[in-house]
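Mapping of the sequence shown onto the UniProt record's numbering: position 17 corresponds to residue 17, and the numbering continues sequentially without gaps. The beta carbon of each residue, even a glycine, is placed where N, CA and C say it ideally should be. A quick note: this is a predicted structure, and the numbers were derived from the prediction, not measured.
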Amino acid sequence: FRVPAPHELDFPAVDYRVVIPTRGRWRPACEIGRDCKNDRRPFILVKTLAFLKRHSIPPSRVFLYVSDEEEKIKYEAVLQQDTYWDTGEVRVEVGRPGIREQRNYIQSSTPEGTYVVSFDDDVSDVLWKNQPGLQKLVPMPDGMLDKLFFHGYAFMRKYKAFIWG
């Protein structure tokens, strides 16, 4: 007996915004991640933005929150290095320095009622257990991330919650 995973179920589509508080991830991946030792591409393109791209998350739904104008300029330049992200639709917003202050700023500057999905700037996959037993976790199939968002939203509404993770 196998229970379907959230990304295998059909829940009504909802509008959402992906927010990524980030700092310094415009630097080459090899300078940041041990698993990227030979990769000179910007870390944000190798990790979180590559992950969102694999799942066809529209650039217009993505908001990067940086700490200052200098960071904003660097991230905007990085977005130009990938044809998926170079459309000008990704919003790069100057928020606040410090992760706690940045998260508070994101919450306070987002219109009330907006469904916000927040990601760290080093996410490269969502893993799930596709079989009972001791099998390894496997990556969620490409293109299914928004279904996970829809599932999370439906359960928030059902249980009158305001956050899930």
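Going by DSSP, what residues sit across from Phe63 in a beta bridge?
Sequence index remark: in the sequence shown, residue 63 carries index 63 (1-based). Paired residues: Val19, Arg91.
Rounded to whole angstroms, what is the Cα-Cα separation between His55 and Glu71?
Reading the sequence shown from its first residue, position 55 is the one you call residue 55. Reading the sequence shown from its first residue, position 71 is the one you call residue 71. Rounded to whole angstroms, His55 to Glu71 spans 26 Å at the Cα level.
Taking 6 Å as the cut-off, is the C-beta of Val116 nearer than that to any heavy atom in the ligand ATP?
No copy of the ligand ATP occurs in the structure displayed, which carries no ligand at all.
Measure the alpha-carbon distance for residue 173 versus Asp15 and round it to whole angstroms.
One cannot answer for residue 173 here, as it falls past the ends of the chain, which runs 1 to 165.
Using only alpha-carbon positions, find the residue among Ala29, Arg23, Arg40, Lys53 that is nearest to Asp125.
The sequence position of residue 125 within the sequence shown is 125, counting from 1. Selected option, being the one with the closest Cα: Lys53.
Would you kindly check if the distance between the Cβ of Arg41 and the Cβ of Ala50 is under 7 Å?
Looking up residue 50 in the sequence shown gives position 50. Looking up residue 41 in the sequence shown gives position 41. Their beta carbons are not under 7 Å apart, which means Ala50 does not touch Arg41 by this criterion.
Please report the straight-line C-alpha distance between Leu145 and Phe155, rounded to a whole angstrom.
Translated into the one-based positions of the sequence shown, residue 145 becomes position 145. Translated into the one-based positions of the sequence shown, residue 155 becomes position 155. Distance between the alpha carbons of Leu145 and Phe155 is about 16 Å.
In the DSSP output, which residue or residues are listed as bridge partners for Pro42?
Reading the sequence shown from its first residue, position 42 is the one you call residue 42. Partner(s): Pro28.
What residue from Gly24, Ala13, His7 has the CA that sits closest to Asp122's CA?
On the sequence shown, position 122 is the one that residue 122 refers to. Comparing Cα-Cα distances from Asp122 to each of Gly24, Ala13, His7, the minimum goes to Gly24.
Residues in its own chain within less than 6 Å of Gln102 by CB, not counting five upstream and five downstream?
In the sequence shown, the residue the question calls residue 102 occupies position 102. Pro21, Tyr65, Gly95, Arg96.
Please report the distance separating the alpha-carbon of Glu31 from that of Lys158.
Here residue 31 refers to the residue found at position 31 when the sequence shown is read from its first residue. Here residue 158 refers to the residue found at position 158 when the sequence shown is read from its first residue. Cα-Cα distance, rounded: 44 Å.
Please report the Cβ distance between Val138 and Leu127, rounded to the nearest whole angstrom; I am assuming they are in contact, meaning their Cβ atoms lie under 8 Å.
Locating residue 138 in the sequence shown gives position 138, where the first residue counts as 1. Locating residue 127 in the sequence shown gives position 127, where the first residue counts as 1. Their Cβ separation, rounded to whole angstroms, is 7 Å, which keeps Val138 and Leu127 in contact under 8 Å.
Are the CB atoms of Glu93 and Ser60 nearer to each other than 7 Å?
Translated into the one-based positions of the sequence shown, residue 93 becomes position 93. Translated into the one-based positions of the sequence shown, residue 60 becomes position 60. Result no, Cβ atoms of Glu93 and Ser60 do not sit closer than 7 Å.
For Trp26 and Val18, what's the separation of their Cα atoms in angstroms?
Position 26 of the sequence shown, counting from 1, holds the residue named residue 26. Position 18 of the sequence shown, counting from 1, holds the residue named residue 18. Taking the straight line from one Cα to the other gives about 18 Å.
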